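Below: one structure, written as structure tokens.
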Amino acid sequence: MIAATPRTPEGRHPFPHPHLLAIAGLQPWELTYLLDEAEAWVAPRGERPRRSSALAGMALVSAFFEASTRTALSFEMAAKRLGANVITMQPGSSSLTKGETLLDTALTLGAMRPDVIVIRHGASGAPKLISEKVGCPVLNAGDGAHEHPTQALLDALTIRRRKGRIEGLTVTICGDILHSRVARSNFACLTALGAHVRVVAPPTLMPADIDRLGVEPFATMEAGLEGADVIMMLRLQRERMEGAYVPSAREYFRFYGLTPARVEMAAPDALILHPGPMNRGVEIASSVADDIGRSAITQQVEMGVAVRMACLDVLTRRARGMEGWE
Amino acid sequence: MIAIIGAHIVDPASGRDSVGTVLIEGRAIAAIDPSSIPHDAGRIDAKGLILAPGLIDALAFRTDPAACLAGGITRLLLMPDQSPPLDDPALIERAERIGKPHVWVHPLAAATRGLMGQELAEIGLAKLAGAVGAATGRRAIASAAVMHRLLAYAAGFDMPVVVHPEEPTLTERAVATAGERATRLGLPAAPAFAEALGLARDLRLAEATNARLHVAQVTTGEGVALIREAKARGVRVTAAVTPNHLFQTETAIGDYRTFARLSPPLRTEQDRRAVIDGVVDGTIDMIASGHDPRSDDEKRLPFADAAPGAAGAATLLALALGLVRERRLSLIDLIARLTVVPARTFGLPGGCIAVGEDADLVLFDEGAPWRIDADTTPGLAGNTPFDGVPAQGRVIMTIKGGVITNP
């Protein structure tokens with residue numbers, strides 16, 4: 001029998017962290033707490049999206065040093081549904097192009113006294129560096145090949161809603177593990193919540209000592225997918241599939257693409273996830289991506305807003321003077 | 327005249343390892359254990375302290391007199407990675423003068439023009455101008471053909487060729503050693519064997535050309551083994567290591583601590599132990615500082631964007647003494663690796679305590695405890711991976727050409 005996912009132990013603060021920089025280092029009950037909080041923001045089918053004025057009057061700075069459409073939009077949607085004002089820093093117009101250092105930018109942002117900062121940056125560890133210099137909560141929206149914590153939380157929420165649990169499931173994550181922050185956050189989140197995580201990647205895209213992260217590596221899709229309850233496909237960037245890490249998109253799809261035949265190797269009710277944006281015909285066949293019975297890809301986007309609402313709510317509670325969060 | 331009285335004199339060049347007195351007149355050593363001390367001589371009571379030759383730092387990237395004097399260093403080998411690179415005899419002459427009078431700089435000439443790894447630089451003229459060797463700088467030369475010609479050409483001038491050991495095409499964007507830590511942190515990484523790969527090539531080429539090869543830093547067990555084997559079959563190779571790789575591992579990177587961003591990157595505990603074994607059995611000849619002070623602007627950045635390197639001159643002796651405390655090296659053997667060995671390898675004056683020689687000396691308290699503090703480290707910058715680490719062994723005074731500095 002599978003034990004229940006751990007709940008907050010007696011006397012422990014449900015989420016004592018000032019920032020959300022990484023999943024690694026968070027306790028299972030803290031993850032569960034965030035998921036439960038996110039659950040509360042998910043509207044039942046057919047109802048209008050839930051909203052609140054919890055963050056009314058607060059200012060969120062959205063600093064995406066690396067281009068993003070869906071994550072930036074999702075954070076903005078989440079903030080606005082909570083009543084916060086969103087100020088967007090455009091990467092193209094940012095002072096970084098004028099040679100200002102990241103820390104100077106951080107100090108400038110901090111001096112404007114925002115209530116929360118959401119950061120995406122191409123360098124691993126950049127949000128942590130910024131968090132040390134500003135006086136408000138910092139949410140990591142993806143840093144280099146390090147972490148993308150809200151993505152892992154939305155994946156976990158999607159899985160939990162569709163499967164009823166996470167503990168004991170076999171989740172196979174396939175694709176460019178080497179460069180993927182989504183993969184690293186998911187390793188930390190899913191293993192902490194008791195899932196068995198497998199990874200499949202071409203050897204050139206599999207990082208060293210991956211097994212030390214508590215996941216099981218496989219060289220072929222066929223072996224890695226066998227009996228899997230959840231299949232998570234990762235995006236392969238175009239510049240990496242033209243000879244640098246794999247010879248071509250078509251060769252990649254032939255050996256590592258998710259085809260209907262490969263889906264058949266997983267559990268009969270296997271769920272398919274993809275963090276987007278998808279390269280149809282490279283890592284995933286269109287027919288698989290659009291299989292309503294199995295693909296949870298659009299649901300992931302919906303859960304993304306709920307998860308980000310929960311994170312923004314929880315991280316600003318201290319500033320809002322909520323009882324028990326001072 | 328100055329008399330340093332009652333110090334424990336450790337001079338590996340002569341084998342001296344006993345209490346005595348050194349008399350300095352002007353810039354030279356006038357007498358050792360004189361029968362009487364002239365009444366007008368200044369007296370320094372050095373009882374309980376150790377007097378050794380001024381340290382000769384076999385690896386420095388910047389001339390930083392304050393840090394050197396704080397660390398007992400009186401001569402250093404300067405890497406050619408300056409701005410501009412030391413690929414011209416005039417630049418060599420200038421580099422030689424910049425540390426005077428506090429610390430004497432022995433420049434290494436850029437082995438290739440602009441350190442670009444393509445065309446041979448004028449290393450013969452550089453030698454005439456004072457260069458004590460030719461170096462590839464922070465990176466290895468990618469082309470085996472260029473490296474082959476460089477070693478053959480340098481052998482003609484009997485110039486040691488100082489190499490960075492890592493295979494450059496493998497380490498191109500890497501900032502860490504491939505393994506669990508780099509994987510967790512999502513840092514671009516290169517396998518540790520990049521060092522062995524580069525070294526195997528250079529050792530074979532040195533053997534083929536009968537050239538003198540000096541490995542600026544050897545940081546892996548596999549690299550140490552290759553040098554050990556090469557020495558056994560008569561290849562003319564020497565090697566150094568810094569305290570960074572002797573006493574730190576990749577765990578020092580922690581949560582993106584950029585002071586631990588080094589080149590070569592920090593390695594595993596297994597490699598660290600193998601490197602210490604290499605020092606103990608003499609495979610690694612010298613211990614150097616690798617002094618590379620970096621400003622906040624270069625270090626307060628995301629890990630992969632931060633400049634590599636650590637300040638090390640001020641802490642070299644104190645950290646290296648750890649090997650004596652751990653009973654891995656005798657004190658006189660350690661001092662040899664810090665003085666006479668680099669002097670002999672690169673044909674430098676100094677590195678010994680002898681009558682008539684320049685009074686380049688360091689007086690230190692072997693047991694004095696202190697704590698390394700990046701913010702108060704003397705010199706251009708305090709970017710050390712040992713920030714906050716307790717150390718033992720403190721320089722009391724550095725004497726350069728008879729001039730005393732108290733750090």
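If you're matching them up, the sequences are chains P and L in order. Take the first sequence: its position 135, counted from the start at 1, is 135 in my numbering, and no numbers get skipped. Take the second sequence: its position 81, counted from the start at 1, is 407 in my numbering, and no numbers get skipped. Every residue gets a Cβ at the ideal spot worked out from N, C-alpha and C, and that includes glycine. Please read all numbers here as calculations on a predicted model, not as lab measurements.
- Among the residues of chain L, none has a CB under 7 Å from the CB of P:Leu82; the nearest is roughly 29 Å distant.
- L:Thr495 sits exposed, since fewer than 16 C-beta atoms from the chains shown fall within 10 Å of its C-beta.
- Spanning the alpha carbons of L:Thr671 and L:Thr665 requires a straight line of approximately 10 Å.
- DSSP lists L:Asp337 as the bridge partner or partners of L:Arg342.
- Beta-bridge partners assigned by DSSP to P:Phe218: P:Val200.
- L:Thr609 is a Cβ neighbour of L:Arg554, given a cutoff of 7 Å.
- Residues of chain P whose Cβ lies closer than 8 Å to the Cβ of L:Pro634 do not exist; the shortest such Cβ separation is about 15 Å.
- Per DSSP, the beta bridge partners of P:Leu271 are P:Val230.
- The beta carbon of L:Arg464 sits closer than 7 Å to those of Asp407, His490 and Ser589, all from its chain and outside the five residues before and after it, given in chain order.
- Look at the region 485-503 of chain L: it has no residue with a C-beta under 7 Å from a C-beta of chain P.
- In this structure, P:Leu20 is the residue among P:Leu20, P:Arg12, P:Ser52 and P:Ala228 with its C-alpha nearest to the C-alpha of P:Cys311.
- With respect to L:Asn570, L:Ala636 sits close: the two C-beta atoms are nearer than 7 Å.
- The alpha-carbon of L:Ala532 is positioned some 43 Å away from that of P:Arg181.
- With a threshold of 7 Å between beta carbons, L:Asp528 makes no contact with chain P.
- As the crow flies, the alpha-carbon of L:Thr497 is around 5 Å from that of L:Ala516.
- Under DSSP, L:Pro668 takes part in no beta bridge, so it has no partner.
- A direct Cα-to-Cα measurement between P:Val171 and P:Leu273 gives close to 10 Å.
- With a beta-carbon spacing of about 5 Å, L:Ile328 and L:Gly368 fall inside the 8 Å limit used to define contacts.
- For P:Arg120, the enclosing beta strand (DSSP E) stretches over residues Val116 to His121.
- Annotation: Cβ neighbours of L:Leu627 in chain P (cutoff 9 Å, chain order): Thr101, Leu102, Leu103, Ala123, Ala126 and Leu129.
- Considered as a whole, the region 598-649 of chain L harbours no complete run of any beta strand (DSSP E) with no fewer than 3 residues.
- Annotation for P:Met89: the continuous beta strand (DSSP E) segment containing it runs Asn85 to Met89.
- The DSSP-derived three-state label of P:Val314 is helix.
- Sorting L:Val544, L:Pro514 and L:Met485 by C-alpha distance to the C-alpha of L:Val458 places L:Met485 at the top.
- At a beta-carbon threshold of 7 Å, the residues of chain P lying near L:Asp581 are Lys128, ordered along the chain.
- At a cut-off of 7 Å between C-beta atoms, P:Pro207 counts as an interface residue with respect to chain L.
- When C-beta atoms of the region 342-350 of chain L are compared with those of the region 135-155 of chain P, fewer than three pairs fall below 8 Å, so the two segments do not count as touching.
- For P:Gly135, no Cβ of chain L is located within less than 7 Å of the residue's own Cβ.
- Taking every protein chain shown into account, the CB of L:Pro379 has 16 or more other CB atoms within 10 angstroms, so this residue is buried.
- Nearest C-alpha to L:Asp390 among L:Gly708, L:Ala520, L:Asn732 and L:Val348: L:Gly708.
- Residues of chain L whose Cβ lies closer than 9 Å to the Cβ of P:Leu213 are, in chain order, Glu506, Thr509 and Arg510.
- Assignment of beta-bridge partners to P:Cys174 by DSSP yields P:Val200 and P:Met233.
- Contact between the region 216-228 of chain P and the region 142-154 of chain P is absent: fewer than 3 CB-CB pairs across the two stretches fall below 8 Å.
- The Cβ atoms of L:Ala586 and L:Pro433 do not sit closer than 7 Å to each other.
- Non-local C-beta neighbours of P:Val307 in its own chain, meaning closer than 7 Å and more than five positions away in sequence, comprise Ala38, Thr150, Leu153, Leu154 and Leu157, ordered along the chain.
- Taking a C-beta distance under 7 Å as the contact criterion, L:Pro411 and L:Leu441 qualify as a contact pair.
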